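A.B. asks: Per the working numbering, the very first residue in the sequence shown carries number 1; after that it's consecutive.
Cβ coordinates follow ideal geometry from the N, Cα and C atoms, glycine included.
Everything numeric in this text was worked out from a predicted model, so none of it was measured.
Pasting a structure below so you can have a look.
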Amino acid sequence: MRKKLFFLLSFIFCFLFALYLFRDAILFYAFQKLLAEKGISLKAQTLKVENGKIYFSGLSVRGKDFFLDAKEASFAFSLKERGLRVSLSNFSGGNFFAGEDKSSSLPVYLAKIYLDEGTWRIIGEKETFIRLKQAEIKGLGDFLRGFTTQKKLALNFPAQEKKQVSRERYNFEDLKEAISLALKVDFSKLPRWLKKEEIDTGLLQLKVATSFGPDHIAHFKGNAVIKNLGLGRYQNVFSGKTGFKGWWSPASYEFVLKGLGDFTPALRVSYKLSGNFQKEPYLTQIFAEITGSDAFFGEIASTFGAKAKGKIKASFSSEEPLKKADVQFSLNDFGFELSPDEIADGLSIKGKITLKFDKPLAFAGEVLLDNGEFYFAPWYYELKKPLALFFNANYQDKGLRFQEIKITGPLYAEINGLEVYPQLRLPEKSKVALKVEDFFKPLIVEAYGEEFPWLERLNLEGTLTLDQQKDTIKTDYTGNIVYQGHVFENVAINGAYSLSGKCNPFSLAWRKVKGQVIAAGPLFIQGKICPPSVFIAPFSLALLDGKISVGEGKGDLSTKSFVLNRVLLADIRPRLPAPYDFLKPEASGKFSKLFFKENRFLADGELEVKIARGKVVFHDIFFEPGVLPKYGGNLEIKGLDLAILSKTFGLGRITGRLKGEVNNLVMVGTLPERFELRLEDDPSWQGKRRISLKAVRQMAELGGGSASIFVPFVKNLRYERLGFSCKLKNDFFHLKGLFHKDGKEYLIKGPRLFGVDVINQNPGGIISFKEMIRRIENILGGQNEGVR
Numbered sequence: 001m002r003k004k005l006f007f008l009l010s011f012i013f014c015f016l017f018a019l020y021l022f023r024d025a026i027l028f029y030a031f032q033k034l035l036a037e038k039g040i041s042l043k044a045q046t047l048k049v050e051n052g053k054i055y056f057s058g059l060s061v062r063g064k065d066f067f068l069d070a071k072e073a074s075f076a077f078s079l080k081e082r083g084l085r086v087s088l089s090n091f092s093g094g095n096f097f098a099g100e101d102k103s104s105s106l107p108v109y110l111a112k113i114y115l116d117e118g119t120w121r122i123i124g125e126k127e128t129f130i131r132l133k134q135a136e137i138k139g140l141g142d143f144l145r146g147f148t149t150q151k152k153l154a155l156n157f158p159a160q161e162k163k164q165v166s167r168e169r170y171n172f173e174d175l176k177e178a179i180s181l182a183l184k185v186d187f188s189k190l191p192r193w194l195k196k197e198e199i200d201t202g203l204l205q206l207k208v209a210t211s212f213g214p215d216h217i218a219h220f221k222g223n224a225v226i227k228n229l230g231l232g233r234y235q236n237v238f239s240g241k242t243g244f245k246g247w248w249s250p251a252s253y254e255f256v257l258k259g260l261g262d263f264t265p266a267l268r269v270s271y272k273l274s275g276n277f278q279k280e281p282y283l284t285q286i287f288a289e290i291t292g293s294d295a296f297f298g299e300i301a302s303t304f305g306a307k308a309k310g311k312i313k314a315s316f317s318s319e320e321p322l323k324k325a326d327v328q329f330s331l332n333d334f335g336f337e338l339s340p341d342e343i344a345d346g347l348s349i350k351g352k353i354t355l356k357f358d359k360p361l362a363f364a365g366e367v368l369l370d371n372g373e374f375y376f377a378p379w380y381y382e383l384k385k386p387l388a389l390f391f392n393a394n395y396q397d398k399g400l401r402f403q404e405i406k407i408t409g410p411l412y413a414e415i416n417g418l419e420v421y422p423q424l425r426l427p428e429k430s431k432v433a434l435k436v437e438d439f440f441k442p443l444i445v446e447a448y449g450e451e452f453p454w455l456e457r458l459n460l461e462g463t464l465t466l467d468q469q470k471d472t473i474k475t476d477y478t479g480n481i482v483y484q485g486h487v488f489e490n491v492a493i494n495g496a497y498s499l500s501g502k503c504n505p506f507s508l509a510w511r512k513v514k515g516q517v518i519a520a521g522p523l524f525i526q527g528k529i530c531p532p533s534v535f536i537a538p539f540s541l542a543l544l545d546g547k548i549s550v551g552e553g554k555g556d557l558s559t560k561s562f563v564l565n566r567v568l569l570a571d572i573r574p575r576l577p578a579p580y581d582f583l584k585p586e587a588s589g590k591f592s593k594l595f596f597k598e599n600r601f602l603a604d605g606e607l608e609v610k611i612a613r614g615k616v617v618f619h620d621i622f623f624e625p626g627v628l629p630k631y632g633g634n635l636e637i638k639g640l641d642l643a644i645l646s647k648t649f650g651l652g653r654i655t656g657r658l659k660g661e662v663n664n665l666v667m668v669g670t671l672p673e674r675f676e677l678r679l680e681d682d683p684s685w686q687g688k689r690r691i692s693l694k695a696v697r698q699m700a701e702l703g704g705g706s707a708s709i710f711v712p713f714v715k716n717l718r719y720e721r722l723g724f725s726c727k728l729k730n731d732f733f734h735l736k737g738l739f740h741k742d743g744k745e746y747l748i749k750g751p752r753l754f755g756v757d758v759i760n761q762n763p764g765g766i767i768s769f770k771e772m773i774r775r776i777e778n779i780l781g782g783q784n785e786g787v788r
């Protein structure tokens, strides 16, 4: 008997010991059987039981309409929650919707789920892929059991009762939570392709609570918090919080969500979404409205090192969220400062854009700019007439392309086939038309008038049209040009420029030029542009009772150089104002070449001007445009009548003939910079040489104030020779008389009887340019009395 009792106790001990050793396997087997009764198969590589939890590695679960694989998992049964607490890590899974019935058996045995790093696929007619960072769902068992009951009840509701379901009852104060969801997403750890293209950093926290109300509607409320959402491309960081609420009907699958959020940069957003989970697309209506003020624009602009202000109000609405949407916006008192030289202010903008979510994404709209001021150095422009913009565009393969753009207002423009992103390209065709007078003064004269003062005296009136076809741009200007009282009538400029180097014709014409100084007949110049070369055909122009003729011309746009060949001037008679009209100049010239190179005009030839019964011949002429134009050359003076010159310039009266030369003359604006001058009476002239007392006084002033008159009561005195040389360099004058006797230097040398001498009191001396200007002003003003 004792022996049998020993064997029995030994058997029980061994059984219990074996049960302890294989408890995990036995518990796993029992768990498998329990799940198998629910139609679920469970497999695992390893498992262990600890503190009432079953831990798995290499878990694989398969059900009728779902599958799940997890690297690590744990299950624990909660009596309080009447269900399983499930934790999954590094998981992948999905569920199936079969046929028209998209329902799925609900795991009412689940009480709480904690998910860490995984993916979930919803597989039906279309597959939805969800990537989860972390998620925690609790209160799940009561909700699912309640949902199942409500769903069964809802299926028995008559159709008329479904329509009476209230959609605006949000009794959240009394809502008893049966399920809550907490979700965190770290955007810095998103998949590389998404992070690289759009998002740098950020954290999303989402909390939702929901339960069924007495109206058989599932009500929910929650909030979402976004922290430091960084969009690397724009260098902005967004943060904010939004609260939302809504309802969902298990009977009809309809849902509504409303919310309001505040974000930084300072922006308020209100939104409403509605839809149906049973039909695709699930969203049937979207509406959102945003408002922002100076703080919003200021924070956005500060990330770019700029400043901005304004008030914005915008809305987004869609009755067909996956097909079409409308965006409306208005900006008031908008302004920005990109730099001290790039400023806009007082802008009023409003617009409407329609989006079509096809492939490609298409959008069209209109934008109206009512008023505003712009300063982008050196240009300033005040918009006085509203500018309207209409466009039609699409976005495909990361490229933004405008099929059509129209602009009306201060100018008219049509642009077709313009690609602006990722690279700006020339449109397929475009056209711009504007009135030149509306833009010439604010954008040209005011911008460049200080640098080029002659622009202040220039005015353009007419129409400018630019017509672009692929790589060719055509220009057409018609109108009048006014410069210093001279009117160029019916000016017409037509031409085309091809970026591919193809040759295109051009022409320049006017009907006539009229003015006080210059009068010219009709002009017609034609040629062709073969980039970078420009060719001009021979042409002629009737000018001031004479004629200018040009053989041909050629230019190079790449080097900014140009040459005109065989330029002839004949019988050009300029109209000078009084008292200079008495000189009656007449110009003729012959140049083998006139060319422009390195911002400098040069003339290869000579210009002869007949004036005061003599002539002046110009050589080595040059001209350099600029704020103060620089020009000059060398001159020969031959046989000018001193009587005519002295009368014209108010120098008393002098008879005789004048000859001389000017070398290395350089003028800057209206003042000389340097020259070497020699003037004297022509000794070969056989006529009388007489000089008035006034002229003597003026010559004495020029030479320092010394004159010797032997017959003081005679008004017209004789002289034998007259002449001087002077040199201007580095702002100093070197003045010398040409005649010497007894150690004296004479500007005027007279005979012993009835003559006059003017002696240079500072021979070899130097005077400042300012002092010489003072002396000349005194001479022309007749103020000098110093004669002895």
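Among 494, 555, 498 and 734, whose alpha-carbon lies nearest the alpha-carbon of residue 525?
C.D. replies: Looking at the Cα atoms, 494 is the closest of the given residues.
A.B. asks: Out of 593, 400 and 611, point me to the one whose CA is closest to residue 552's CA.
C.D. replies: Nearest option by C-alpha distance: 593.
A.B. asks: Could you check the C-alpha separation between residue 261 and residue 306 for me, to the nearest Å?
C.D. replies: Cα to Cα, the separation comes out at about 27 Å.
A.B. asks: If you reduce the DSSP assignment to three classes, tell me which class residue 642 lands in.
C.D. replies: Residue 642: helix per DSSP, three-state reduction.
A.B. asks: In the DSSP assignment, the beta strand (DSSP E) including residue 298 goes from what residue to what residue?
C.D. replies: No beta strand (DSSP E) contains residue 298, which is instead part of the alpha helix (DSSP H) from 294-302.
A.B. asks: Quick check: the Cα distance between residue 276 and residue 258, rounded to an integer number of angstroms?
C.D. replies: Taking the straight line joining both Cα atoms gives about 15 Å.
A.B. asks: Kindly indicate the opening and closing residues of the beta strand (DSSP E) around residue 357.
C.D. replies: Premise fails: residue 357 is in no beta strand (DSSP E) and is neither H nor E.
A.B. asks: Shortest alpha-carbon distance to residue 44 belongs to which of 68, 64 and 221?
C.D. replies: Nearest of 68, 64 and 221 to residue 44, Cα basis: 68.
A.B. asks: How close, in whole Å, do the beta carbons of residue 459 and residue 482 come, if the pair is a contact with beta carbons under 8 Å?
C.D. replies: Contact holds; Cβ gap of about 4 Å.
A.B. asks: Going by beta carbon distance, what residues of the same chain come within less than 7 Å of residue 377, once the five residues before and after it are set aside?
C.D. replies: Excluding residues within five positions, the ones whose Cβ falls inside 7 Å are 341.
A.B. asks: Spatial neighbours of residue 588 within its chain, please: C-beta separation below 6 Å, excluding the five flanking residues on both sides.
C.D. replies: Answer for residue 588: 569, 570 and 608, listed in chain order.
A.B. asks: For residue 445, I'd like the list of residues in its chain whose CB is within less than 7 Å of its CB, leaving aside the five on either flank, ordered along the chain.
C.D. replies: Answer for residue 445: 455 and 456, listed in chain order.
A.B. asks: Over the uninterrupted beta strand (DSSP E) stretch that includes residue 666, give me the two end residues.
C.D. replies: Where residue 666 is concerned, the enclosing beta strand (DSSP E) stretches over 657-668.
A.B. asks: What three-state label does DSSP hand residue 769 in the structure shown?
C.D. replies: Helix, per DSSP.
A.B. asks: Under 8 Å, with one C-beta from each stretch per pair, do the segment 612-626 and the segment 594-603 reach the 3-pair mark?
C.D. replies: Because the criterion of three Cβ pairs below 8 Å is met, the segment 612-626 and the segment 594-603 touch.
A.B. asks: Residue 85 to residue 425, Cα distance in whole Å?
C.D. replies: Those two C-alpha atoms are separated by around 60 Å.
A.B. asks: Taking three-plus beta-carbon pairs below 8 Å as touching, is the segment 759-778 in contact with the segment 683-693?
C.D. replies: The segment 759-778 is not in contact with the segment 683-693.
A.B. asks: Of the choices 332, 499, 304 and 759, whose alpha-carbon is the least far from that of residue 742?
C.D. replies: When only C-alpha atoms are compared, the closest one is 759.
A.B. asks: Do the segment 346-359 and the segment 414-432 meet, that is, are 3 or more Cβ pairs less than 8 Å apart?
C.D. replies: Contact fails: fewer than three Cβ-Cβ distances are below 8 Å.
A.B. asks: When the Cβ atoms of the segment 388-395 are set against those of the segment 426-445, are three or more pairs found closer than 8 Å?
C.D. replies: With a cut-off of 8 Å, the segment 426-445 and the segment 388-395 do not count as touching, because too few Cβ pairs lie within range.
A.B. asks: Alpha carbon to alpha carbon, what distance is there between residue 117 and residue 795?
C.D. replies: Past the boundaries of the shown model lies residue 795; the chain is included only from 1 to 788, so the question cannot be answered.
A.B. asks: Distance, Cα to Cα, residue 471 vs residue 506?
C.D. replies: If you take the alpha carbons of residue 471 and residue 506, they lie about 17 Å apart.
A.B. asks: Assuming residue 354 and residue 324 form a contact by the criterion Cβ under 8 Å, report the distance between their Cβ atoms to the nearest whole angstrom.
C.D. replies: The pair is a contact, with the Cβ atoms about 7 Å apart (cut-off 8 Å).
A.B. asks: Tell me whether residue 133 sits in a helix, a strand or coil according to DSSP, three-state version.
C.D. replies: Strand.
A.B. asks: Near residue 362, which residues of its chain fall below 6 Å by C-beta distance, leaving aside the five closest residues on each side in sequence?
C.D. replies: Cβ neighbours of residue 362 beyond the five flanking positions: 356 and 394.
A.B. asks: Determine the extent of the beta strand (DSSP E) in which residue 327 is found, giving its start and end residues.
C.D. replies: Per DSSP, residue 327 belongs to the beta strand (DSSP E) from 324-339.
A.B. asks: Helix or strand or just coil, what does DSSP make of residue 615?
C.D. replies: Reduced to three states, the DSSP call for residue 615 is strand.
A.B. asks: How is residue 674 classed by DSSP in three states: helix, strand or coil?
C.D. replies: Correct three-state label for residue 674: strand.
A.B. asks: Whole beta strand (DSSP E) runs in the segment 206-278 with 3 or more residues, listed along the chain?
C.D. replies: You should have 218-231, 236-248, 254-264 and 267-276.
A.B. asks: Among the residues of its own chain, which have a CB less than 8 Å from the CB of residue 156, if the five just before and after it don't count?
C.D. replies: Any reading at residue 156 needs caution, since the residue's pLDDT is 33, under 50, leaving its predicted position unreliable; the model's value is listed next. Cβ within range, chain order: n/a, list empty.
A.B. asks: By the 10 Å Cβ neighbour count, where 16 or more other Cβ atoms means buried, how is residue 745 classified, buried or exposed?
C.D. replies: Result: buried.
A.B. asks: At the level of alpha carbons, what is the spacing between residue 224 and residue 50?
C.D. replies: Using only the alpha carbons, I get a separation of about 36 Å.
A.B. asks: Residue 230 and residue 201: beta carbons closer than 8 Å?
C.D. replies: For residue 230 and residue 201, yes; Cβs fall inside 8 Å.
A.B. asks: Tell me the DSSP secondary structure of residue 693 in three-state form.
C.D. replies: Helix, per DSSP.
A.B. asks: Suppose contacts are defined by Cβ-Cβ distances below 8 Å. Is residue 368 in contact with residue 346 by that definition?
C.D. replies: The answer is no: Cβ separation not under 8 Å.
A.B. asks: Can you check the segment 522-575 for any beta strand (DSSP E) of at least 3 residues that lies completely inside it and give the ranges in chain order?
C.D. replies: The qualifying runs are 523-530, 533-536, 539-543, 546-556 and 561-572.
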